[in-house]
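I have placed the structure first, in the form of structure tokens, so that the comments after it can refer back to it.
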Amino acid sequence: MDPRAFAALVFTVVVWGIGPVFLRQLSLDLGPAGHLAIRYTIVAILYAVSLAIFGGWRIARADWPRLLFISTVGLIGYNLGSAFGFGLISAGIGSLIIGTQPLLIALMGTVIGRERLTPTAVFGLILGFCGAVLLVWKDIAIKAEPMDFLMGSSFIFLSGLAWSIYVVVSKPLIRKYGSVSITSMTLLICSVLMVPMLARPTTLETLANMTAASWLDMGFIAVLSTMVATISWNFGAARVTAAAAGAFLYLVPIIGVAAGALMLGETVTSGMVLGGALIMAGVAIAQFGHRLRLEGRIAALAAVIFAVTMWGLIPVAMRFLVLELSPATAMVLRLYPAGLLAVVVVLFVGVKPVAWRDWLRITVAAMAGNVGYQILAAYGMETVPASWTGLLFGLEPVFIALFAVLLAGDKLTVWLVAGMSVALLGTAALMLGSTLTPEGDVSLFGVILVTLSTMGWGIYTVVIRPASRKYGALQVACLAMAISALPMPLFTGSEFPATVAGMGAASWIAVGFVVVFGTFLATSAWNYALGHMESAIAGIFLYVQPVVAAIGGIALLDERLTWPLLLGGALIILGVAIAQFGPLMQKRRFAESRN
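Residues 3 to 597, numbered by the numbering used here, are exactly what the sequence shown covers, in order.
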């Protein structure tokens, strides 16, 4: 990817993500009507000057009804809904509801534009709207003013509906006159009609009494968010694929929630996490579901979702076991049954003869990589919540790439360096946050142990890869698992039998989940999915893992969502994405330029 395009897209989504914070602040400080009247007076002046200098104001008489319709119903409806909505609800919740806009655009394209909805798009629509309902339903009961919350959420949703009408109905005009001309004309018409409607005798007094902070908020929305960010988006989107540009938009609601928590002190609730995750999943499925190439088998999609969900819940189950039993007992109960099951599988499928050098390689990978990984992770989880652990486990692809450079001679790329830098900044945010959280919630030492455990898994993956290629992934994985179980008796201790005998049903369910669902079934489902879709597309689903871990920790273990978790998690996911997909996009762009 062109570094300039990457910088432009990151700048855009950060500006758009923070935008709801400034919108809410303006609605609270100036009132929804006052802030819109002042803001769109500025917008009208800017776009009138733009049209006078660059032209683009000549529109055929036959197209004026459509132009007036999208300017009034589309833009005025969008602005009224968002301004009055953000006056009643938090920036974080508003950002997540705005995240349903791609779903509304797809739905409106079917209703108005007569575009066809695919089965995956229908599934994505249903999932996303369920997330929106859950978002409102779970939080309305805890609000001091539930009717205000419900009205605010409805206003934001209606603003998204108005925007979807604007996007769909404006398409013929944009094709005919260009995006710059139609954007300028519709914003100018919107301003001319809306400002007199909203202006009050007190508007000039409000304008005169605006503080420097209010002017900064106004400048951010009117200039930076409306004009500059639109230009930077068009610049970046023109230089990458549509899918790559669209992927950046998934950061907007995450940034909005984080900005609301950091800048306005808003509380992030479990309803926001669960509802927001469903909304983003629904949008992703609706947008990219048709690209999965499932060869008519919806089972592949179900398999990959099952695998990443099970892997995401492993930190939750292990955290529960570590707290209920002990780190050593939890580790033994995970590895020993898995090792026995691996032996059974090997005896059932048979074993190819293994050279002694490869036995040494598998043993080193099992002991230094897997056992080391399990020890560090188990003892780290004792003082690190599952949601934090899940995000730290998200570092594994970066460490795998790093150890491939150090141990296997792979090339060190600019993308890996950039991705590692961003991801490690996220880790640093988590480490810093661990020193600021209430006593006993998270320990810095535990965060360090979990981070080191991901390095152990990186070593395991790189060291064992040649043997997997030579003898097959299933055989080598089973042999490594069986070897990993051998030192487990050293961690049992004299109290181990009594601990196991006293385990409750919940603990045994957690053990069964980790061994059967989280290890064997999830791995089998993942391998099945890889046989029916592109590996690059399947890799995108891995970003669901830390989200599942965070949701599982909050929903099942009553963990709290804090700003270090949000900030650190976002940076880790972004860093891994840069390291993984930067080279792929660069290769694709190089191939396109050659063609």
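Just so you know, even glycine gets a beta-carbon here, dropped at the ideal spot from N, CA and C. Quantities reported herein were computed from a predicted structural model and do not represent experimental measurements.
Inter-residue Cα distance where the pair is residue 355 and residue 264: Position 353 of the sequence shown, counted from the start, is the residue given in the question as residue 355. Position 262 of the sequence shown, counted from the start, is the residue given in the question as residue 264. Taking the straight line from one Cα to the other gives about 58 Å.
Alpha carbon to alpha carbon, what distance is there between residue 87 and residue 156? Here residue 156 refers to the residue found at position 154 of the sequence shown. Here residue 87 refers to the residue found at position 85 of the sequence shown. Spanning the two alpha carbons is a distance of roughly 7 Å.
What's the C-alpha gap between residue 152 and residue 223? Taking the first residue of the sequence shown as 1, we reach residue 152 at position 150. Taking the first residue of the sequence shown as 1, we reach residue 223 at position 221. One Cα belongs to residue 152, the other to residue 223, and the distance between them is close to 25 Å.
C-alpha distance - residue 213 paired with residue 373, whole-angstrom precision: If you number the sequence shown from 1, residue 213 lands on position 211. If you number the sequence shown from 1, residue 373 lands on position 371. As the crow flies, the alpha-carbon of residue 213 is around 60 Å from that of residue 373.
Residue 181, buried or exposed, once every other Cβ within 10 Å from all chains shown has been counted against 16: What you label residue 181 is simply residue 179 of the sequence shown in a count that begins at 1. Label assigned to residue 181: exposed.
Given a cut-off of 8 Å, decide if residue 580 and residue 420 are closer than it, judged by their beta-carbon atoms. Position 418 of the sequence shown holds residue 420. Position 578 of the sequence shown holds residue 580. It is a contact, given that the beta carbons lie within the stated cut-off.
Considering residue 200, what are the terminal residues of the alpha helix (DSSP H) in which it resides? Translated into the one-based positions of the sequence shown, residue 200 becomes position 198. That run of the alpha helix (DSSP H) goes 181–200.
Looking only at its chain, what residues have a beta carbon closer than 6 Å to the beta carbon of residue 312, apart from the 5 residues adjacent to it on each side? Counted from its first residue, the sequence shown places residue 312 at position 310. Correct list, in chain order: 519, 520 and 524.
Would you give the residue range spanned by the alpha helix (DSSP H) that residue 486 belongs to? Translated into the one-based positions of the sequence shown, residue 486 becomes position 484. Residue range 475–487 is occupied by the alpha helix (DSSP H) that includes residue 486.
Please classify residue 184: is it buried, with 16 or more other beta-carbons within 10 angstroms of its beta-carbon, or exposed? Start at 1 with the first residue of the sequence shown, and residue 184 comes out as number 182. Buried.
Rounded straight-line distance, which links the Cα of residue 342 to that of residue 577: The residue labelled residue 577 in the question sits at position 575 within the sequence shown. The residue labelled residue 342 in the question sits at position 340 within the sequence shown. Those two C-alpha atoms are separated by around 37 Å.
Proximity of residue 306 and residue 476 at Cβ, strictly below 8 Å: Taking the sequence shown and counting its residues from 1, the one referred to as residue 306 is at position 304. Taking the sequence shown and counting its residues from 1, the one referred to as residue 476 is at position 474. For residue 306 and residue 476, no; Cβs fall outside 8 Å.
If you draw a straight line from the alpha carbon of residue 14 to that of residue 334, how long is it in whole angstroms? Here residue 14 refers to the residue found at position 12 when the sequence shown is read from its first residue. Here residue 334 refers to the residue found at position 332 when the sequence shown is read from its first residue. Spanning the alpha carbons of residue 14 and residue 334 requires a straight line of approximately 48 Å.
Within its chain, find whatever has a CB closer than 6 Å to the CB of residue 515; leave out the 5 residues flanking it on each side and keep chain order. By one-based count along the sequence shown, residue 515 stands at place 513. If we look at residue 515 and ignore the five residues flanking it on each side, its Cβ neighbours are 319.
My output table needs one value for residue 124: the three-state DSSP class, helix, strand or coil. Here the question's residue 124 lines up with position 122 in the sequence shown. Residue 124: helix per DSSP, three-state reduction.
Count the other CB atoms, across all protein chains shown, that sit within 10 Å of the CB of residue 361; report buried if there are 16 or more and exposed otherwise. As a position in the sequence shown, residue 361 is number 359, starting the count at 1. Within a 10 Å sphere around the beta-carbon of residue 361 sit fewer than 16 other beta-carbons, which makes this residue exposed.
Which of the three DSSP states is assigned to residue 509 in this structure? On the sequence shown, position 507 is the one that residue 509 refers to. Three-state DSSP puts residue 509 in a helix.
Output the boundary residues of the alpha helix (DSSP H) element that contains residue 560. Along the sequence shown, one-based indexing puts residue 560 at 558. No alpha helix (DSSP H) holds residue 560; DSSP gives it neither H nor E.
Which residues in the same chain have their Cβ closer than 7 Å to the Cβ of residue 24, if we skip the five residues on either side of it in sequence? The residue given as residue 24 occupies position 22 in the sequence shown. The answer, listed in chain order, is 219, 222 and 223.
Using the C-alpha atoms, what's the distance from residue 304 back to residue 298? The count along the sequence shown starts at 1 and reaches residue 298 at position 296. The count along the sequence shown starts at 1 and reaches residue 304 at position 302. Its pLDDT being 42, under 50, residue 298 is placed unreliably in this model, and the value from its coordinates should be taken loosely. Their Cα atoms are separated by approximately 13 Å.
Measuring straight from C-alpha to C-alpha, what distance separates residue 177 and residue 186? The residue given as residue 177 occupies position 175 in the sequence shown. The residue given as residue 186 occupies position 184 in the sequence shown. Cα-Cα distance, rounded: 15 Å.
Using the rule of at least 16 other Cβ atoms within 10 Å of the residue's Cβ for burial, across every protein chain shown, is residue 63 buried or exposed? For the purposes of this step, residue 63 is taken as residue 61 along the sequence shown, with counting starting at 1. Residue 63 is exposed by the Cβ-count criterion.
What's the gap between the Cα of residue 317 and the Cα of residue 548? Within the sequence shown, numbered from 1, the residue matching residue 317 stands at position 315. Within the sequence shown, numbered from 1, the residue matching residue 548 stands at position 546. Taking the straight line from one Cα to the other gives about 10 Å.
Residue range of the unbroken alpha helix (DSSP H) whose run includes residue 630: Missing from the structure shown is residue 630; the chain here goes from 3 to 597 and no further.
Please tell me whether residue 158 and residue 78 are closer than 8 Å, where the distance is taken between their beta carbons. Numbered from its first residue, the sequence shown carries residue 158 at position 156. Numbered from its first residue, the sequence shown carries residue 78 at position 76. For residue 158 and residue 78, no; Cβs fall outside 8 Å.
Residue 522 - containing alpha helix (DSSP H), residue span: As a first step, residue 522 is located in the sequence shown; it is residue number 520 there, counting from the start. Judged by DSSP secondary structure, residue 522 falls outside any alpha helix (DSSP H); it is assigned neither H nor E.
If you check the beta carbons only, do residue 388 and residue 561 fall under 8 Å apart? Locating residue 388 in the sequence shown gives position 386, where the first residue counts as 1. Locating residue 561 in the sequence shown gives position 559, where the first residue counts as 1. Yes, Cβ-Cβ distance for residue 388 and residue 561 is below 8 Å.
Residue 321 vs residue 383 beta-carbon contact at 8 Å: Here residue 321 corresponds to residue number 319 of the sequence shown, with the count starting at 1. Here residue 383 corresponds to residue number 381 of the sequence shown, with the count starting at 1. If you check the CB distance, residue 321 and residue 383 come in under 8 Å.
So which of 415, 394, 215 and 225 has the shortest CA-CA distance to residue 403? As a first step, residue 403 is located in the sequence shown; it is residue number 401 there, counting from the start. Residue 415 is the option with its Cα nearest to residue 403.
Mapping DSSP to helix, strand and coil, what is residue 345? For the purposes of this step, residue 345 is identified with residue 343 of the sequence shown, where counting begins at 1. Note: residue 345 maps to helix in three-state DSSP.
With 16 other CB atoms within 10 Å as the buried threshold, where does residue 344 fall? Walking along the sequence shown from the start, residue 344 turns up at place 342. It counts as buried.
If you compare alpha carbons, which of 36, 52 and 259 is closest to residue 198? Start at 1 with the first residue of the sequence shown, and residue 198 comes out as number 196. Taking only the C-alpha atoms, the option nearest residue 198 is 36.
Endpoints, alpha helix (DSSP H) assigned at residue 101: Numbered from 1 along the sequence shown, position 99 holds the residue referred to as residue 101. Neither: residue 101 is in no alpha helix (DSSP H) and is coded neither H nor E.
Would you decide whether residue 459 is buried or exposed? Buried here means 16 or more other CB atoms lie within 10 Å of its CB. For the purposes of this step, residue 459 is taken as the residue at position 457 of the sequence shown. Residue 459 is buried by the Cβ-count criterion.
Might you give, ordered along the chain, the residues of its own chain that have their beta carbon closer than 8 Å to the beta carbon of residue 364, omitting 5 neighbours on each side? On the sequence shown, position 362 is the one that residue 364 refers to. Here the set comprises 356, 466, 469, 478, 481, 482 and 485.
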